[in-house]
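Input: a single structure, listed below in structure tokens.
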Amino acid sequence: LTAATHIETWLLPQLHRRLFASHAASVAGAVLTVLALVLQSSAYLAMSSSWRLVARSEGASRLITTGPFALTRNPIYMSAILYIAGAFLMNGTIVFGIFLVLTPIFVHAQILREEFHLLSTNSESYRRYREVTPRYLLF
815 LTAATHIETW LLPQLHRRLF ASHAASVAGA VLTVLALVLQ SSAYLAMSSS
865 WRLVARSEGA SRLITTGPFA LTRNPIYMSA ILYIAGAFLM NGTIVFGIFL
915 VLTPIFVHAQ ILREEFHLLS TNSESYRRYR EVTPRYLLF
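The working numbering runs 814 ahead of the 1-based position in the sequence shown.
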């Protein structure tokens, strides 16, 4: 009970402590958040009926290479990272700083799992796509 009380009275308030409070950072965060939502929405529109919550193992599916998928192989995951970065800039708290560090790690792990699936189901077309389209926005 003492440890729980210590966590509740000391740790939780620390996580919500602001590291900075800047109007410019808040504006930049809002811009990033809107860009993330636009990127994510355009990716879902490009995927149309090919959208899946989880990669299926039942053979090849249509590989989407147009729209935001022409800029990055992972526009939905990139939008998640941009969204977290924007949220961090808008509120500047430690907890969002932690999310900003952890999100790319977990996103990268998921991307690797999906790439393995795509190589096993759409091997040649995915290899060609992978050669000309970066995994992330810049690399």
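Glycine included, each C-beta is placed from N, C-alpha and C at the ideal position. This structure is a prediction, so every number in the text was calculated from the model and none was measured.
- A distance below 6 Å between beta-carbons, with the five flanking residues on each side excluded, links GLY843 to the following residues of its chain, in chain order: GLY900, LEU903, MET904.
- Going by DSSP, TYR943 is part of the alpha helix (DSSP H) stretching over 937–946.
- Note on geometry: alpha-carbon atoms of ALA884 and ARG944 lie some 10 Å from one another.
- Per DSSP, reduced to three states, the secondary structure at ARG876 is coil, with no helix or strand assignment.
- Remark: C-beta atoms of THR917 and ILE898 approach each other more closely than 7 Å.
- Non-local beta-carbon contacts of HIS830 in its own chain, meaning distances under 8 Å to residues more than five positions away in sequence, involve THR907, ILE908, VAL909 in chain order.
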